[in-house]
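A.B. asks:
Chains as they are written, first to last, in our numbering: chain A, 52 to 217; chain B, 379 to 1041.
1) Look up residue 938 of chain B in the DSSP assignment and give the residues it is bridged to.
2) Using the Cβ count rule (16 or more neighbours within 10 Å means buried), how would you classify residue 202 of chain A?
3) Would you decide whether residue 989 of chain B is buried or exposed? Buried here means 16 or more other CB atoms lie within 10 Å of its CB.
4) Between B:621, B:794 and B:642, which has its C-alpha nearest residue 767 of chain B's C-alpha?
5) What does a CB cutoff of less than 6 Å around residue 980 of chain B pick up in its chain, not counting 5 residues either side in sequence?
6) Roughly how many angstroms lie between the CA atoms of residue 704 of chain B and residue 813 of chain B, to the nearest whole one?
7) Within the stretch 830–918 of chain B, note down every full beta strand (DSSP E) run reaching 3 residues or more, in order along the chain.
8) Contact between the stretch 989–1009 of chain B and the stretch 594–602 of chain B is defined here as three or more beta-carbon pairs at a separation below 8 Å; is this criterion met?
9) Using 8 Å as the limit for Cβ to Cβ distance, is residue 149 of chain A near chain B?
10) Kindly indicate which three-state DSSP category residue 54 of chain A falls into: helix, strand or coil?
11) So residue 843 of chain B and residue 879 of chain B are supposed to be a Cβ contact under 8 Å. How far apart are they, rounded?
12) Please tell me whether residue 870 of chain B and residue 724 of chain B are closer than 8 Å, where the distance is taken between their beta carbons.
13) Going by beta-carbon coordinates alone, are residue 976 of chain B and residue 991 of chain B separated by less than 8 Å?
14) What does DSSP give as the partner residues of residue 969 of chain B in its beta bridges?
15) Residue 452 of chain B and residue 519 of chain B - do their beta-carbons sit closer together than 8 Å?
16) Whole angstroms are fine: how far does the CA of residue 901 of chain B sit from the CA of residue 986 of chain B?
17) Kindly give me the distance between the Cβ atoms of residue 830 of chain B and residue 849 of chain B, rounded to whole angstroms, as I take these residues to be in contact under 8 Å.
18) From B:913, B:827 and B:951, pick the residue whose C-alpha is nearest to that of residue 925 of chain B; which is it?
19) Between the stretch 581–614 of chain B and chain A, which residues of the former have a C-beta closer than 7 Å to a C-beta of the latter?
20) Taking residue 722 of chain B as the query, report the chain A residues whose CB atoms sit under 7 Å from its CB, ordered along the chain.
21) From the DSSP secondary-structure annotation, give me the bridge partner or partners of residue 993 of chain B.
22) Tell me the rounded alpha-carbon separation between residue 727 of chain B and residue 174 of chain A.
23) Quick one: measure Cβ to Cβ for residue 1042 of chain B and residue 486 of chain B, integer angstroms, because I've assumed they're closer than 8 Å.
24) When you compare the CB of residue 749 of chain B with every CB in chain A, is at least one pair closer than 8 Å?
25) If you drop the 5 nearest sequence neighbours on each side, which residues of the same chain put their C-beta closer than 6 Å to that of residue 907 of chain B?
26) By the DSSP assignment, the beta strand (DSSP E) with residue 950 of chain B in it spans what residues?
27) For the beta strand (DSSP E) that residue 1047 of chain B lies in, which residues bound it at each end?
28) Tell me which same chain residues have a C-beta within less than 7 Å of the C-beta of residue 697 of chain B, skipping the five on either side of it?
29) Identify which residue in B:544, B:443, B:578 and B:469 has its Cα closest to the Cα of residue 528 of chain B.
30) Please state whether DSSP places residue 343 of chain B in a helix, a strand or coil.
31) First and last residue of the beta strand (DSSP E) that includes residue 963 of chain B?
32) Let me check understanding here. Comparing Cα to Cα, which of B:718, B:822 and B:732 lies closest to residue 778 of chain B?
33) Could you tell me the alpha carbon to alpha carbon distance between residue 807 of chain B and residue 847 of chain B, rounded to whole angstroms?
34) Note down, in chain order, every chain A residue with its Cβ under 8 Å from the Cβ of residue 770 of chain B.
35) At the level of alpha carbons, what is the spacing between residue 1075 of chain B and residue 448 of chain B?
36) Could you give the residue range of the alpha helix (DSSP H) that holds residue 559 of chain B?
As C-alpha cells, then:
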C-alpha cells in the first residue's frame, strides 16, 4: 500500500488482500552482491496488478513471482540490462517504472526541461524588454538640450574650481 | 430523523450558496451595500447549515445507525469510539462532506474577519466561494449522498477499513483538506481581482495570511500522511511518488511559489499578473487532486469509464472552474498594470528563480502523474511512471533551488549584490565544505553523493541562520544589542529563517535515510538474534491475543547495544475478521533522530516468523523539517503587518470625526 491520502485507500484496498511487506526471507540470494543487484532492479519494476507499486514493495503473488524471476536470471549470470530486456520482452514496457525514451514517451521526458528552458527564456526576454522600455522612457524625459548641457558643465566647473583651490 | 435533518440542512446550504453566488455580484455591479452585505450573512449561515449536516452524520456514526448506508458500509458497533468519529470522513461521501464543511468554514472566516476588506472585494470573494460551494453541494447531493437509507436495516456494519483505523489518519485528512480547500480563498481573491480589474500591493497583503494558513496545514498534512505511511504500511517507506501523494504535492509546490511571489507583489508591486495566475493554478491543482482521488480514475481508466457518474461530475466542475478562471485571466490580465522594475540579481530576481524552479518541479510531477492516463486514453498504450522517473527528474530541479535559498534573503530589493551576499555566506559555506570533508572521510570514500547533499543541506540551514545573524549583528555588536535587535526583527524574517532551515533539515533526513538505511529480512525463531545497524535484536516471544475488533499476533523484541538492553519493542500483526484483512503494527524505537523499526510478517508452522528490521539513521528529521517549516509559517502569520492589515478607512474617518468634535 503506498498511498497516504486515505480517501482512495478504501477503493484500492479491495485489490490487495493485505498490507504485508514484500521481500520474503526465503527469496533472498546467498550472494549479498547479487541480492543487492536484485533489490535495485526490483525497485525499477512494476507489480502489474498493483497500484503504482514496485515488485520490491508489493506483497502480491505476482510480484513474488517476478522477484524470483529476477533472481533466477541474475543467478544464471545475466547482466542488469539483460534482466530488464527479458522482463520487457515478456511483460511489455508497462513493467518499467521509468519508461524508456521513445517516440510516445518523448513528451514525458521533454516537458520538464522545456518548461524550465521556456520559463527561463521568457524571463530573460521579458526582463530585457522591460529594461529597454524603461530606458526608452528615461531617455526621452531626461534628454538634455545642448544649451542645458552647456549650462550644466558651467555649473559643475564653477563648483569644482573652489574645491581645487581650497 | 437525524439523517433526514442532515440531508435537509445540506440542501439549505446549497440554496444559500446559490444566493451567495448571485446577489453579491449584482450588488458589486450596482454598488449597492445592502446587496453586497448579503454575502456576509449567507456565508455565515451556510457554514452553520453545513456544520449541522456534518454533525448529523457524525451522530449517525457515533450511534451506529446501520439504517444509513454510509454508516453500514463503514462502521461496526464494536469499533472504538475514536474510529467511529474518524470513520465519518474515512469514506467517499463523508470526506466530501468534510471538504464542503471546510470550504464553508473558510468562507465564514472571510465573512467574519474580512472587515478591513473593501466591501465590493469582499462581496466578490464570497460570491466566488459561493460558486465553488454550490458546485460541490450539488455534487454531494446528486451523486454522493451520505444520508441515503437502507430499506431493510442490517444488524451489524461492515467495519471501517482496518488500515484506516489509526490515529494518524484521524487527523491527516482534515489537515490536508484545510490546506487544499484553504487555497480556494486565494483563488477567490484572484478571480475577484480579475472581475474588478484592480489589483495592488494591499491585495497581496490580504491574500497572504490565507495562503499562508492553507500552506501550513498542507505542509503538516503531507508530513503527517508520510509519517503515517511510514509506520502503518509496514516497510518503512515514507514517500512513494504515488499519484495520490503527487496530488497533494502539486498544490504544495504551487502554493509555495505563490507565497513567495505574493511577497514580491506586496513589497514591490511587481509580478502581479504572475501571482494571480499562480493563485488560480494552485487551487486548480487542489481541484485536480480532488478529481484524481475521488473519481477512481487512478485505479484504472476503465473503472472510471464503467461508473462515470461521480468522476464525470467532478471533471465538469474541474473544467468549469479551471477553464472559466483561466479564460477570465486571459481576458482581464492584460488590464492589470505591471509595476516595480528590478535587476536580475536582486531579492525579486531570487524569488523569480524560486518560482521558476518550483513551477517546473510542479510541472514535472504533473506530467509524470497524468502522462500514463493521457497516453492510455489517447492510444490505449499502457506505461508506468513511478519513483525512478520522479527521482531522476525532480531531484535535479530541487538542487539549484537549495543552493539558491540562502542567497535570496541576503539580496537587497531592486538591485542586489551577489558578491556581498556570498561574502556573508562564507561561514555557512565553510561549514558545509567541512561537513562534506568530514563525512567523506568518515564513510571512507563510500560515494561522494551523500556527503555532497548533506553539505548542501548544511549550507541551507546555516545560510538561513546567517540572515538572522546579519540582521541582529550577532558576534559584532554587544549581546544585549543583538538581543534587542532580535526582538525587533519582523516575525516574518524569523518565519522564513525557520522555514528555510526546515528545508535543509528535511534534506539531511532524506539523504541519511536513503543512503545509510540498513535492513535485515529474516525468518526468526524465539531467542534468535540478528544484528542491524550495530544493534543486536532478539526475538523473545510471539503470543496471540484478542483486541476489540481484531485478533493479533503480538511479539516482543529486545534491542541491545554492546550487550546492554536499550529497549523492548512489541510489533504485532492484526487480523480483522469482518473484512478478512490484516495490518502490520510496526514497532519503533527512537534513538535521537534515528529509529529502529520492526515489522512482523507471516508466522509459520514451525514457530518461526518472518521479521523485517530496519535501522533508519536520522529518519525523524524528514518530518521534523516540515514541522519546522510549518512553525516558520505560523511565525510569519503572526507578523505585525498581517495583524494590522491594510488601513481601515472607516475607523480613520471616525477618529477624524472624534478629533474634530473635540476641537
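Don't be surprised by glycine CBs; every beta carbon is placed ideally from N, CA and C.
As the structure is a prediction and not an experimental result, all values here were calculated from the model.
C.D. replies: According to the data block:
1) Paired residues: B:914 and B:943.
2) Residue 202 of chain A comes out exposed.
3) Here residue 989 of chain B is buried, its C-beta having at least 16 other C-beta atoms within 10 Å.
4) Comparing C-alpha distances from residue 767 of chain B to each of B:621, B:794 and B:642 shows the shortest one belongs to B:621.
5) For residue 980 of chain B, where only same-chain residues beyond five positions count, the Cβ hits under 6 Å are 988.
6) Roughly 47 Å separates the two Cα atoms.
7) Scanning the stretch 830–918 of chain B for uninterrupted beta strand (DSSP E) segments of 3 residues or longer gives 896–902 and 907–910, listed from N- to C-terminal end.
8) A contact exists between the stretch 989–1009 of chain B and the stretch 594–602 of chain B.
9) So yes, residue 149 of chain A belongs to the interface.
10) The predicted model places residue 54 of chain A with a pLDDT of 42, which falls under 50 and marks its position as unreliable, so this point remains unresolved.
11) Residue 879 of chain B and residue 843 of chain B do touch by the CB rule: their CB atoms are close to 7 Å apart, below 8 Å.
12) By the CB criterion at 8 Å, residue 870 of chain B and residue 724 of chain B fall outside the cutoff.
13) Result yes, Cβ atoms of residue 976 of chain B and residue 991 of chain B sit closer than 8 Å.
14) Looking at the DSSP assignment, residue 969 of chain B forms a beta bridge with B:972.
15) Cβ atoms of residue 519 of chain B and residue 452 of chain B: not closer than 8 Å.
16) Rounded to the nearest angstrom, the gap between the Cα atoms of residue 986 of chain B and residue 901 of chain B is 6 Å.
17) Wrong, their Cβ atoms sit about 30 Å apart, outside the cutoff.
18) The residue with the shortest Cα to Cα distance from residue 925 of chain B is B:951.
19) Of all residues in the stretch 581–614 of chain B, 603, 604, 606, 607, 611, 612 and 613 have a Cβ within less than 7 Å of some Cβ in chain A.
20) When 7 Å is used as the limit between beta carbons, residue 722 of chain B is near these residues of chain A: 178, in chain order.
21) As DSSP reads the structure, residue 993 of chain B sits in a beta bridge with B:896 and B:974.
22) Going by C-alpha positions, residue 727 of chain B is about 10 Å away from residue 174 of chain A.
23) No statement about residue 1042 of chain B is possible, as the shown extent of chain B runs from 379 to 1041 and does not include it.
24) Cβ-Cβ to chain A under 8 Å: yes for residue 749 of chain B.
25) The answer, listed in chain order, is 914 and 916.
26) From DSSP, the beta strand (DSSP E) with residue 950 of chain B extends over 950–954.
27) This structure leaves residue 1047 of chain B out entirely; chain B is present only between 379 and 1041.
28) Within the same chain, no Cβ atom closer than 7 Å to the Cβ of residue 697 of chain B is found once the five residues on either side in sequence are excluded.
29) Ranking the options by Cα distance to residue 528 of chain B, first place goes to B:443.
30) This structure leaves residue 343 of chain B out entirely; chain B is present only between 379 and 1041.
31) Taken as a continuous stretch (DSSP letters only), the beta strand (DSSP E) holding residue 963 of chain B covers 959–963.
32) Distance from the Cα of residue 778 of chain B is smallest, within the candidate group B:718, B:822 and B:732, for B:732.
33) Across the structure, residue 807 of chain B and residue 847 of chain B are spaced so that their CA atoms are roughly 15 Å apart.
34) Under the 8 Å cutoff, chain A gives 149.
35) Because chain B in this structure spans residues 379 to 1041, residue 1075 of chain B falls outside the shown range and cannot be described.
36) For residue 559 of chain B, the uninterrupted alpha helix (DSSP H) segment begins and ends at 545–574.
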